[in-house]
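Worksheet for the structure shown next.
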Amino acid sequence: ANAPPAIWMAGRGGGMVVRNNLFAGNQTVNTSHAAISLQLSSDESGYFINNTVFHRPSSNARAIAFLSYDDALWLMGNNIVWNEQGTAALHLDVENDAILIHNVLGARTGVAPSVEHDNLRIDPRFVDSSLGNYRLRADSPLIDMGDGEAGPGPGSADAAGRPRVVGGGVDIGAFEEQTGVFGDGFE
20 ANAPPAIWMA
30 GRGGGMVVRN
40 NLFAGNQTVN
50 TSHAAISLQL
60 SSDESGYFIN
70 NTVFHRPSSN
80 ARAIAFLSYD
90 DALWLMGNNI
100 VWNEQGTAAL
110 HLDVENDAIL
120 IHNVLGARTG
130 VAPSVEHDNL
140 RIDPRFVDSS
150 LGNYRLRADS
160 PLIDMGDGEA
170 GPGPGSADAA
180 GRPRVVGGGV
190 DIGAFEEQTG
200 VFGDGFE
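In case it helps, the numbering used here puts the sequence shown at residues 20 to 206.
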């Protein structure tokens, strides 16, 4: 089958900012595609900031792909690309710059990024991914571990519309953990 990705986004002259989103359960029947593909044309900048991509291991191997041509720049920061087995893959097919900072990745395929630091391969500790709850548990190692200066920043609200920064810093992923260490929210 020659089916397209489940989600395809392309910048056409203005670049793109994809921030504070949850992508879960997306798949395509064509295993040569990623379930989610984002593409930039020449001289554009794209920012993929504070997103959670949860990809079932039974679907195709690549969860999300970033493509670009000529002098385009991708910056991916504070994202989670994960599944239960920790094998969900972020794929880079870029001709120029790609910067990966403060992400949790099950795997990475394709070309090497031009800059890469503080990326982890650890269980994010979702509340309950089997029931579709991709919020971070209060004991998640991703709380306050993001980079608040990544690209255009994390924004003022998370994917649920709640305050984006709670505590000492921005959390990695689409949702900011709100309760703190103690159940009553006090520390």
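Glycine included, C-beta positions come from ideal geometry on N, C-alpha and C.
Nothing here was measured: the structure is a model prediction, and the numbers come from that model.
Please say whether residue j and residue i have beta carbons closer to each other than 7 Å?
i, j, result
"A207", "P23", "This structure leaves residue 207 out entirely; the chain is present only between 20 and 206."
"A108", "R81", "yes"
"A84", "I120", "no"
"G186", "D163", "yes"
"G125", "G105", "yes"
"Y18", "F73", "Residue 18 lies beyond the residue range present for the chain, which begins at 20 and ends at 206; the question has no answer from this structure."
Examine chain B for any beta-carbon lying closer than 7 Å to the beta-carbon of residue i, and answer yes or no.
i, result
"G165", "Structure shown: chain B not included; a single protein chain is present."
For residue i, tell me which candidate among the options has the shortest Cα-Cα distance.
i, options, result
"G165", "V48, N97, N45 and A29", "N97"
"R38", "Y66, W27 and V48", "Y66"
"W93", "G105, D112, E103 and I99", "D112"
"N138", "D116, G192 and V185", "G192"
"H52", "G129, N40 and G105", "G129"
"D142", "N102, D116 and G167", "N102"
"R31", "L57, L41 and N40", "L57"
"E196", "G151, T106 and F145", "F145"
"I231", "P160, G33, R75 and N69", "Shown here, the chain extends from 20 to 206; a query on residue 231 therefore has no answer."
For residue i and residue j, I'd like the C-alpha separation in whole angstroms.
i, j, result
"V189", "E63", "26 Å"
"A20", "M28", "With a pLDDT of 49 at A20, under the threshold of 50, the predicted position of this residue should be treated as unreliable, though the coordinate-derived value follows. Using only the alpha carbons, I get a separation of about 21 Å."
"M35", "S149", "31 Å"
"A179", "I26", "21 Å"
"G44", "D89", "32 Å"
"S87", "S60", "6 Å"
"T47", "D116", "27 Å"
"H110", "M95", "12 Å"
"T198", "E114", "42 Å"
"G167", "V184", "9 Å"
"G160", "P182", "The displayed chain sequence assigns Pro, not Gly, to residue 160. For P160 and P182, the distance between alpha carbons rounds to 19 Å."
Starting from residue i, follow its DSSP beta bridges and name the residues at the other end.
i, result
"P182", "A176"
ask   = At a cut of 8 Å, does the region 171-181 reach the region 128-142 through at least three beta carbon pairs?
value = By the C-beta criterion, the region 171-181 is judged not to be in contact with the region 128-142, since fewer than 3 inter-stretch pairs fall below 8 Å.
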